[in-house]
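*Asks:* Below are the structure tokens for one structure; questions will follow.
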Amino acid sequence: MIHLEKRPQPSRAWALMTPVIAVIVTMIAGGLLFAALGKNPIEAIRTIFYDPLFGEFSFYYRPQLLVKGGPLILIAIGLSLGFRAGIWNIGAEGQYIVGAICGAAAGLAFYPMESIVIFPLMIFFGALGGLIWAMIPALLKVKFGTNEILVSLMLVYVAEQLLASMSLGLLKNPEGFGFPGSRNFQSYDSAHNAELITGTGMHWGVVAAFIAVIFSYILLNKHILGYNIRLTGEAPRAARFGGVNPTRLVLFCMGASGALAGLAGLFEVAGPAGQVSIDFNVGYGFTAIIVAFLGRLHPVGILLAGLLMALTYIGGDIAQSSLSLPSAAIQVFQGMLLFFLLALDVLTNFRIRFATKGAA
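Using the numbering used here, the first residue of the sequence shown is number -15, and each one after it goes up by one.
See the structure below:
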């Protein structure tokens, strides 16, 4: 008979090993999935994890690690602050979309004027848009006690409809021959988030992601606010007795995660995506949840997890084109990573015990 026994203290060893084991188990389970689809499992896993880094066309794919990893890291850093405090913002995808819309609108408002202040203005409004969208579930939670999980998630669908409306209406390119979507920022120098170093994938969004990792680490380890965040997540009652203001904490964590998600949206729409379009959002806000947990809600861990998830995005695209794997199979493969991570994470707080039948 198998049962779980509560550990006196969470196992630090299991906390560190769980992400690595989850990746290995995901590879095995993913291989079985690909085999069931009639594909060579070893070739499929190699294509996803090896070819983008060391394959024949790796010189093209390697810069994409930063391009795709940047928004994942930026969003996941913001989410991790709330998750550590027990504040569950599941609507980063909506905040990402609204940040992109607001930042893009700020840039297009000055078209075709060229000025060095346009892009910083877009950054400001991108962050502001994401922050305001996150404040809706935050204020509803602190004023009326609503569930931030449900409200933030439902607002994603509102944001998607707003994106479609803007692509077909207010932000639609008047010279686009009737096609939905805004002007292309890649042809608007003052509003374009171009590569800082050609051929590396490094743009301002990646720089912002690295800065967010550093500031998050300092906040959580060197500042009283970070201590309050950790304390609230680990011992809510002790936090209340210690004078931690839950309202301020909710507003800060939701606001920070919304602003960072909005920034990610702005950097994406002004750079790799290039325009506001109906299909602009690709699920970064949801994938960032996996990144946050895979990185153990630690800034450095999130940095590494973001690059790993970016690798699965790139490798998945290669597998779809070279092995004819369906996109749904790649999405299931990515979902497996979170499933196995959460399943194995139980062993951080519990140990498995075997007992003979009928034993006391």
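Glycine included, every Cβ here is placed at the ideal spot set by N, Cα and C.
Quick one, which of Leu292, Tyr141, Met186, Ile100 has its alpha-carbon nearest Asp173's?
*Replies:* The shortest C-alpha separation from Asp173 is found at Ile100.
*Asks:* Would Ala13 and Met320 be called neighbours here (beta carbons separated by less than 8 Å)?
*Replies:* In this structure, Met320 lies closer than 8 Å to Ala13 by Cβ.
*Asks:* What does the Cβ neighbour count give for Ala254, buried or exposed, with the cut at 16 atoms within 10 Å?
*Replies:* When all chains shown are included, Ala254 counts as buried.
*Asks:* Ordered along the chain, which non-local residues of its own chain (more than five positions away) have a Cβ less than 7 Å from that of Ala344?
*Replies:* Residue placement at Ala344 is poorly supported in this model, since its pLDDT is 46, which falls under 50; the coordinates still yield a value, given next. Correct list: empty, nothing qualifies.
*Asks:* Ala175 and Phe103: beta carbons closer than 8 Å?
*Replies:* Cβ distance < 8 Å, so Ala175 and Phe103 count as in contact.
*Asks:* Given this structure, state the Cα-to-Cα distance separating His(-13) from Phe108, to the nearest angstrom.
*Replies:* Their backbone Cα atoms lie some 53 Å apart in a straight line.
*Asks:* If you reduce the DSSP assignment to three classes, tell me which class Lys(-10) lands in.
*Replies:* Strand.
*Asks:* Do you know whose CA, among Phe317, Ser311, Ile274, Leu288, lies nearest Leu326's CA?
*Replies:* Residue Ile274 is the option with its Cα nearest to Leu326.
*Asks:* Which term fits His282, buried or exposed, when burial requires 16 or more other beta carbons within 10 angstroms of its beta carbon?
*Replies:* Flag for His282 reads buried.
*Asks:* Residues in the same chain with beta-carbon distance under 6 Å from Gly87, minus the five sequence neighbours each way, listed in chain order, please.
*Replies:* Closer than 6 Å at Cβ, skipping near neighbours: Met106, Phe109, Gly110, Leu250.
*Asks:* Pop quiz: Leu147 and Ile74 are said to be a contact at Cβ under 8 Å. What is the actual Cβ separation, rounded to whole angstroms?
*Replies:* The Cβ separation is near 18 Å, so there is no contact.
*Asks:* By Cβ distance below 6 Å, which residues in the same chain neighbour Ser136 in space, the five residues on each side in sequence not counted?
*Replies:* If we look at Ser136 and ignore the five residues flanking it on each side, its Cβ neighbours are Asn73, Ile74, Gly75, Pro121.
*Asks:* For Ile336, count the other beta carbons within 10 Å of its own beta carbon; 16 or more makes it buried, fewer makes it exposed. Which is it?
*Replies:* It counts as exposed.
*Asks:* Mapping DSSP to helix, strand and coil, what is Phe94?
*Replies:* Three-state result, Phe94: coil.
*Asks:* List the residues that DSSP assigns as beta-bridge partners of Ile336.
*Replies:* BP columns for Ile336 point to Leu(-12).
*Asks:* Let me know if Ile59 comes out buried or exposed under the rule of 16 or more other beta-carbons within 10 Å of its beta-carbon.
*Replies:* Ile59 is buried by the Cβ-count criterion.
*Asks:* Only counting the same chain, and skipping five residues up and downstream in sequence, which positions put a Cβ closer than 6 Å to that of Gly54?
*Replies:* Result list for Gly54: Gly189, Val190, Ala193, in chain order.
*Asks:* How is Arg46 classed by DSSP in three states: helix, strand or coil?
*Replies:* It is helical.
*Asks:* What three-state label does DSSP hand Ala(-1) in the structure shown?
*Replies:* Three-state result, Ala(-1): helix.
*Asks:* According to DSSP, is Glu27 helix, strand or coil?
*Replies:* Correct three-state label for Glu27: helix.
*Asks:* So the alpha helix (DSSP H) Tyr268 belongs to, where does it begin and stop?
*Replies:* Start and end: 268 to 278.
*Asks:* I believe Arg68 touches Gly258 by the beta-carbon criterion, under 8 Å. Please report the beta-carbon distance rounded to the nearest angstrom.
*Replies:* That pair is no contact at about 35 Å.
*Asks:* If you pair each beta-carbon of the region 26 to 43 with each one of the region 295 to 303, do three or more pairs fall below 8 Å?
*Replies:* Yes: the two stretches touch, three or more of their Cβ pairs being nearer than 8 Å.
*Asks:* Could you pull out every residue in the same chain whose Cβ sits closer than 6 Å to the Cβ of Ile71, ignoring the five residues on either side in sequence?
*Replies:* Contacts found: Val234, Cys237.
*Asks:* By the DSSP assignment, the alpha helix (DSSP H) with Ser136 in it spans what residues?
*Replies:* Element bounds for Ser136: 132 to 152.
*Asks:* Measuring alpha carbon to alpha carbon, tell me which of Phe225, Ala248, Glu252 ends up nearest Gly114.
*Replies:* For Gly114, the nearest C-alpha among the options comes from Ala248.
*Asks:* Tell me whether the beta-carbon of Val140 lies closer than 8 Å to the beta-carbon of Glu77.
*Replies:* Yes, Cβ-Cβ distance for Val140 and Glu77 is below 8 Å.
*Asks:* For the alpha helix (DSSP H) holding Ile201, just list the boundary residues, first then last.
*Replies:* It should be noted that the sequence gives Tyr, not Ile, for residue 201. That run of the alpha helix (DSSP H) goes 188 to 206.
*Asks:* Would Tyr350 be called buried (16 or more neighbouring beta carbons within 10 Å of its own) or exposed?
*Replies:* In the structure as shown, the chain begins at -15 and stops at 344. Residue 350 is therefore absent and cannot be evaluated.
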